[in-house]
Amino acid sequence: NAGVTQTPKFRILKIGQSMTLQCTQDMNHNYMYWYRQDPGMGLKLIYYSVGAGITDKGEVPNGYNVSRSTTEDFPLRLELAAPSQTSVYFCASTQGGTYNEQFFGPGTRLTVL
Amino acid sequence: GQQVMQIPQYQHVQEGEDFTTYCNSSTTLSNIQWYKQRPGGHPVFLIQLVKSGEVKKQKRLTFQFGEAKKNSSLHITATQTTDVGTYFCAGPSATGAGTYKYIFGTGTRLKVLA
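So the protein sequences, as listed, match chains A and B.
Residue numbering for the first sequence is 6 to 118, as defined by our numbering.
Residue numbering for the second sequence is 3 to 116, as defined by our numbering.
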């Protein structure tokens with residue numbers, strides 16, 4: 006199993022540009038999450054999904070959108086990028102229930118200039 | 003909303019010294035998880051505690067869940083340079099209809115000086 010994969014690894018955007026961060030998991034997990042981690046800080050939940058077709062907002066959803074059309078994929082869309090969105094973005098997945106560990110992808114390092 | 007705080011935020015220790023990080027939740031938790039993130043890496047699951055007062059050990063790491071299930075600690079004995087990284091605790095937060103999300107603590111960044 007590849008686990009959780011994310012693309013791209015790095016990206017530089019100009020203010021106002023848009024992009025999609027890709028996340029795929031091959032563990033047939035129901036739950037998937039998007040977090041952002043600012044330099045030297047903790048993890049903030051952006052959006053999460055408890056299954057295909059079901060998504061919900063986390064702590065910091067403004068400026069982002071998600072979709073979950075399949076169990077495997079959970080892309081994160083940035084519209085009109087702003088410098089405040091410069092961060093490392095982690096996707097994670099878990100089987101479901103409160104007693105299962107989260108598996109994290111390697112992250113996407115995004116810089117908005 | 004539910005909050006999970008960790009102290010200290012940073013800790014520098016000499017190699018061989020002990021290290022402890024504390025995690026405090028504003029609400030009672032059904033369970034708590036601990037993760038480690040190496041510099042430049044992603045969080046990796048270490049362990050989960052479920053029972054009140056539970057203590058678990060992994061080699062030099064000792065994890066404890068408080069009696070009231072609102073706090074937890076991670077203690078590392080005789081730190082090594084391989085222990086460098088940020089340690090996060092995380093607790094579940096119900097979102098309704100049997101679903102949940104995890105709230106991560108603020109993290110403790112450990113530096114070990116050789």
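Virtual Cβ for every residue (Gly too), placed ideally from N, Cα, C.
Where residue i falls, given that 16 or more other Cβ within 10 Å makes a residue buried
{"i": "H14 of chain B", "result": "exposed"}
{"i": "D85 of chain B", "result": "buried"}
{"i": "K59 of chain B", "result": "exposed"}
{"i": "Y12 of chain B", "result": "exposed"}
Within-8 Å CB hit, residue i to chain A
{"i": "V52 of chain B", "result": "yes"}
{"i": "G55 of chain B", "result": "no"}
{"i": "G87 of chain B", "result": "no"}
{"i": "T81 of chain B", "result": "no"}
{"i": "H77 of chain B", "result": "no"}
Check whether residue i and residue j have beta carbons under 8 Å apart
{"i": "T97 of chain B", "j": "D31 of chain A", "result": "no"}
{"i": "S23 of chain A", "j": "Y36 of chain A", "result": "no"}
{"i": "R62 of chain B", "j": "I49 of chain B", "result": "no"}
{"i": "G58 of chain A", "j": "L50 of chain A", "result": "no"}
{"i": "F47 of chain B", "j": "E106 of chain A", "result": "yes"}
{"i": "P44 of chain A", "j": "H44 of chain B", "result": "no"}
Own chain residues within Cβ distance below 7 Å of residue i, not counting five before or after
{"i": "F109 of chain A", "result": "V9, F95, A97"}
{"i": "E19 of chain B", "result": "T81"}
{"i": "E17 of chain B", "result": "T81, Q82, T83, V114, L115, A116"}
{"i": "A87 of chain A", "result": "I20, G68, V117"}
{"i": "S54 of chain B", "result": "F67, E69, K71"}
Contact with chain B by residue i, beta-carbon distance below 8 Å
{"i": "V71 of chain A", "result": "no"}
{"i": "P88 of chain A", "result": "no"}
{"i": "T103 of chain A", "result": "yes"}
{"i": "F109 of chain A", "result": "yes"}
{"i": "Y53 of chain A", "result": "yes"}
Nonlocal neighbours in the same chain, by C-beta distance under 6 Å from residue i, ignoring five residues either side
{"i": "T25 of chain A", "result": "P80, R82"}
{"i": "I9 of chain B", "result": "Y24"}
> Whole beta strand (DSSP E) runs in the segment 45–88 of chain B with 3 or more residues, listed along the chain?
Replying inline: Restricting attention to beta strand (DSSP E) runs no shorter than 3 residues, the segment 45–88 of chain B encloses them at 46–51, 57–60, 63–67, 73–78, ordered along the chain.
> Which ranges does the alpha helix (DSSP H) cover as unbroken runs of at least 4 residues, wholly within the segment 21–103 of chain A, from first to last along the chain?
Replying inline: Here no run is fully enclosed.
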